[in-house]
Each structure stands twice: as C-alpha cells, then as structure tokens.
Amino acid sequence: GQQLNQSPQSMFIQEGEDVSMNCTSSSIFNTWLWYKQDPGEGPVLLIALYKAGELTSNGRLTAQFGITRKDSFLNISASIPSDVGIYFCAGQLYPPVGYGGSQGNLIFGKGTKLSVKP
Amino acid sequence: GAVVSQHPSWVICKSGTSVKIECRSLDFQATTMFWYRQFPKQSLMLMATSNEGSKATYEQGVEKDKFLINHASLTLSTLTVTSAHPEDSSFYICSDPYGYTFGSGTRLTVV
Chain A
102 GQQLNQSPQS MFIQEGEDVS MNCTSSSIFN TWLWYKQDPG EGPVLLIALY
152 KAGELTSNGR LTAQFGITRK DSFLNISASI PSDVGIYFCA GQLYPPVGYG
202 GSQGNLIFGK GTKLSVKP
Chain B
507 GAVVSQHPSW VICKSGTSVK IECRSLDFQA TTMFWYRQFP KQSLMLMATS
557 NEGSKATYEQ GVEKDKFLIN HASLTLSTLT VTSAHPEDSS FYICSDPYGY
607 TFGSGTRLTV V
C-alpha cells in the first residue's frame, strides 16, 4: 500500500531557528496537506497544496508541492516556543470538489516532533 | 471556517461496555465523515468512512461489528465502540471529508 516517509522523526529547536521537514512517497498524490497536532487535540490544518511545484506560505510557514508529485516540504522560519508540537504531512489522491462530494482517503506521514532545546 | 465538534473529549469505561462518540459538523453539511484511530506516539490511521444514508466503509482489518458507525444526518456521525476491551484504548478522531477540519479527539480508556 501507499506509504509516506516523513523526516526527521524529531528535532530540537532553539527560538529563532529555521526548521525544515519533508515527506516523500512512492506514489503520486494530487494534494499535500500539512498539519500540527498538540497533545490531546486533533490535527489542525496548516497548509494545503494542490498543484505540482506550488509554493504556499502561511505566516512563518512555507510549504512546497514537489514537481514529481511524490514529495513535499514544510519550512518554519524564526521558530517560537509555541511551534512545539507534532507536524504531520498527508497525501491525498483526489482534489476537493466541495462539501458533499466524494473524497479520496488521506495517507498520513508518521510525524515530526518539534521540541525545545534544553 | 468549518467546525467539527467531537464529544466526549475523554471517556473511561469498563471492559465489556459500549461507548458512543459523536461528531457534529456545526456550519456545514457532509455526506461523508472520516474516523481515525491514533495510538500514542503514532500517526493517524483511517478506520472507516461514514456515509449519510448508507453503510459505512471500513478499512481492512477494522472490525465492523466492534466499531459501529452511523451517519444519522448531514451534520451528525457517530462511532460506537461495542464490548470494549483494554486494547481498544486509543485516541479517536473524526474529520470532514477533505481533511480540512478535525474534531478535537476522544481519549478512550478501557479498564
């Protein structure tokens, strides 16, 4: 079945540092999504990418949809303490068609845990 | 933006009992909702897709008789864990059909 390789598994950050993580897949996806999950909460969507090569920003976050459609990366610039958490990538085969329409399943990466350097 | 309300946020139950988890879409209607299970320090695994007006679609390896999913209306989907056992203890999360909005999750502990 489809699998997503997300790296790194974990990383320590110091406030102000830039952070980078990526996901690669053996399959092509039509959509890449990046989420942040805090302990005991559901994931929160950070950025959605719908087109190969697309580069999208959301504040200090930037994500890109790889040109091969098999990979994506997420960058966080000038990290702050509240960036700590677990980040997940997810790939999806079908683009959204509006609520109520059919939708392909999301395949999730295993997550990247961001912690603060002691 | 779209909001998915999930209840309860946590529940402790005895082995052999059943637990119902609700997910409501507050400001949109959905003919499908996704249900995920997440074990500690692991990723989200899709369990099933609830379908309004028809049977749920279960992922391979998920027991239909144990995890009863019902999509009663365009704004309500429920997951009932029947005859719960300690190994069913997990974090259960629902989402809209596009992965845009997730519920806040339900921590189930079976003792």
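Here the protein sequences line up with chains A and B, keeping their order. Residues in the first sequence are numbered consecutively from 102, following the numbering used here. Residues in the second sequence are numbered consecutively from 507, following the numbering used here. We put the beta carbon where it would ideally sit given N, CA and C, even for glycine. Predicted model only: the values in this text are computed from it and were never measured.
Boundaries (first-last residue) of the beta strand (DSSP E) holding residue i
i, result
"Gly186(A)", "Gly186 to Gln193"
"His623(B)", "Since the first residue of chain B shown is 507 and the last is 617, residue 623(B) is not available in this structure."
"Thr615(B)", "Thr612 to Val616"
"Ser579(B)", "Phe573 to Ser579"
Sequence-distant residues of its chain with Cβ nearer than 7 angstroms to residue i (five each side left out)
i, result
"Leu146(A)", "Leu134 and Tyr136"
"Pro196(A)", "Here the model assigns Pro196(A) a pLDDT of 49, short of 50, so the residue's position is not dependable, and the following value carries that caveat. These residues qualify, in order along the chain: Asn131, Thr132 and Tyr151."
"Pro109(A)", "Met122 and Thr213"
"Lys520(B)", "Val617"
"Ala164(A)", "Trp135, Ile148, Leu150, Thr157, Ser173, Phe174 and Leu175"
"Val198(A)", "Here the model assigns Val198(A) a pLDDT of 43, short of 50, so the residue's position is not dependable, and the following value carries that caveat. Around Val198(A): no qualifying Cβ."
Residues near residue i by beta carbon distance below 6 angstroms, same chain, minus five either side
i, result
"Lys211(A)", "Gln107"
"Val517(B)", "Val525 and Leu614"
Proximity test, Cβ basis, 8 angstroms: residue i and chain E
i, result
"Gln193(A)", "Among the protein chains in the structure shown, which are A and B, there is no chain E."
Beta-bridge partners of residue i, as assigned by DSSP
i, result
"Asn206(A)", "Asn206(A) pairs with nothing; no bridge assigned."
"Lys561(B)", "Note: Lys561(B) sits in no beta bridge, so no partner."
"Lys520(B)", "Looking at the DSSP assignment, Lys520(B) forms no beta bridge with any residue, so it has no partner."
**Asked** Between the stretch 522-537 of chain B and the stretch 596-614 of chain B, are three or more C-beta pairs nearer than 8 angstroms?
**Response** yes
ask   = Is the stretch 589-607 of chain B close to the stretch 539-551 of chain B, with three or more CB pairs under 8 angstroms?
value = yes
**Asked** Where in the stretch 116-190 of chain A do unbroken runs of the beta strand (DSSP E), each at least 3 residues long, occur, reported from the N-terminal end onward?
**Response** 120-126, 132-138, 145-150, 156-159, 162-166 and 172-177
Is the stretch 566-573 of chain B close to the stretch 507-519 of chain B, with three or more CB pairs under 8 angstroms?
-> no
Residue ranges of each alpha helix (DSSP H) within the stretch 522-555 of chain B, 4 or longer | none
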